[in-house]
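A.B. asks: Under this note's numbering, the sequence shown has 47 at position 47, and the numbering climbs by one with no breaks. Every residue gets a Cβ at the ideal spot worked out from N, C-alpha and C, and that includes glycine.
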Amino acid sequence: MSSAGEWVPLDGDTVLTDEGFIFNVFGYEHPEKRVFSFLKYIPSTFRELFNVSFLDRKWKYGDIELFRAEKLYTAGNYREFLKVFKENFPRYVYFCPFRRKEVISVPLDCIRRVFTPRNCLKNLIEKSDRDNLQNAALDLIRLISDASSVPMEDFGIHGSVALNMHSDKSDIDIVVYGGQNFRRVEASIGELAGEGILRYIFKNRLDYARKFRGLYRGRVFMYTAVRKPEEINVKYGWHYYAPVRHVEFKCRVKDDSESMFRPAIYEIENYSPLNPESALPREMVPKRVVSMIGCYRNVARRGGEIKVSGMLERVESVLTGEIFYQAVVGTAESEEEYIWPI
């Protein structure tokens, strides 16, 4: 844990606010004195304000009883969260001048505690009275670190284990810092699965494409990537973004080097519209697909084909005036936005 004042927010960091809300940081572009986040846990005190379906399970952080929405990442739920915050906690709503819309954004002066995956893992290593799940999490990370030659310092842990509010049946959520480190970990997990030391879990075709979920000694684990600070190549305020229209198309992935992060970025080629509305003049053809939804990370590799349904967006550089187009999945405008590997 650290204070918000000395903190450089990275995707996947977690914050506890004064009201007891728990948010996960989204992405790497944040306004001054604010951080873009999505709501994960809601204190029981405020549950009745939110017209969403909740999981039956309860969590506890200290003396705060918490609930979680059944579905975290739907367009409908995001609109509901935004509505509730606007009506009851307006300081959490921010009008972004670069996207020209209101979004959920946590002010730094509302943050009581910050949890970064790297520090949470460090605290877990130093903990003397670990339970069975915590020991299993450490054993798994050490196993993957040894197999991949990625140092322990480039791993982290998040989720309920990081906040010490897990049950014995909770998942193990592992963070890998750095794109190249992630690829090494990905390959090593494949080798460990081939040797039967762990195994993959596939619930759907996206799981099969991503191979990010597995089972180790009866424990479910997941691993995701976070950029190292030197890999952050854009800052808030560098671009204006304007929606154009919904598009559906097929294309080929040209570059997958940023596909494991969130937002996931796929440089593309061979744009092929799937309906008349998606036929575009050459200058408007998107050069990349960007997913704001975590489940579409790492679903396709270079040379692979994908089918995309999303919002065509005009992007203008504030510094140079250069204009290009991208297709965005996860705009909170529609539930029919996706990336499917072909």
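Please state if the CB of S37 and the CB of S105 are separated by a distance shorter than 9 Å.
C.D. replies: Closer than 9 Å, so yes.
A.B. asks: Compare the Cα-Cα distances from R199 to each of R112, M222, C251, P97 and report the closest residue.
C.D. replies: Closest option to R199, Cα to Cα, is M222.
A.B. asks: When DSSP labels each residue in this structure, what does E186 get in the three-state scheme?
C.D. replies: Correct three-state label for E186: helix.
A.B. asks: How about the stretch 25-37 and the stretch 123-134: do they share at least three Cβ pairs that are nearer than 8 Å?
C.D. replies: Segments in contact, no.
A.B. asks: On the CB-based measure, 16 or more other CB atoms within 10 Å of its CB, does T320 come out buried or exposed?
C.D. replies: Label assigned to T320: exposed.
A.B. asks: Return the chain-ordered list of same chain residues with a C-beta closer than 6 Å to the C-beta of R99, the five sequence neighbours on each side being excluded.
C.D. replies: Cβ within range, chain order: Y241.
A.B. asks: Where do the N-terminal and C-terminal ends of the beta strand (DSSP E) with K40 fall, by residue?
C.D. replies: Run containing K40: 34-43, per the beta strand (DSSP E) assignment.
A.B. asks: Enumerate in chain order the residues of its own chain whose CB-to-CB distance from S148 is below 6 Å, with the five nearest sequence positions on each side excluded.
C.D. replies: Hits under 6 Å: R184, V185, S188.
A.B. asks: Starting from I125, trace the beta strand (DSSP E) in both directions and tell me its first and last residue.
C.D. replies: Unbroken run through I125 is the alpha helix (DSSP H), 117-126; no beta strand (DSSP E).
A.B. asks: If you compare alpha carbons, which of N298, G303, V318, G310 is closest to V182?
C.D. replies: In the sequence as presented, Val is not what sits at residue 182; that position holds Phe. Nearest C-alpha to F182: N298.
A.B. asks: Determine the burial state of S160: buried for a count of at least 16 other Cβ atoms within 10 Å of its Cβ, exposed for fewer.
C.D. replies: Buried, by the Cβ-count rule.
A.B. asks: Do the CB positions of T14 and V103 come within less than 9 Å of each other?
C.D. replies: Contact: no.
A.B. asks: Just to confirm the assignment: which complete beta strand (DSSP E) runs, minimum length 3, are found wholly within the stretch 58-127?
C.D. replies: For the stretch 58-127, whole beta strand (DSSP E) runs of length 3 or above, ordered along the chain, are 59-61, 64-67, 93-96, 101-107, 111-115.
A.B. asks: Identify the continuous beta strand (DSSP E) that holds S145 and give its terminal residues.
C.D. replies: Counting along the chain, S145 falls outside any beta strand (DSSP E), though it belongs to the alpha helix (DSSP H) covering 132-148.
A.B. asks: Is P359 buried or exposed, if buried means 16 or more other CB atoms sit within 10 Å of its CB?
C.D. replies: Given a span of 1 to 342 for the chain in the structure shown, any question on residue 359 remains unanswerable.
A.B. asks: Can you give the Cα-Cα distance for V346 and A327, rounded to whole angstroms?
C.D. replies: The requested residue 346 does not occur in the structure, where the chain is confined to residues 1 to 342.
A.B. asks: Would you identify the three-state DSSP class for S317, choosing helix, strand or coil?
C.D. replies: In this structure, S317 counts as strand in the three-state DSSP scheme.
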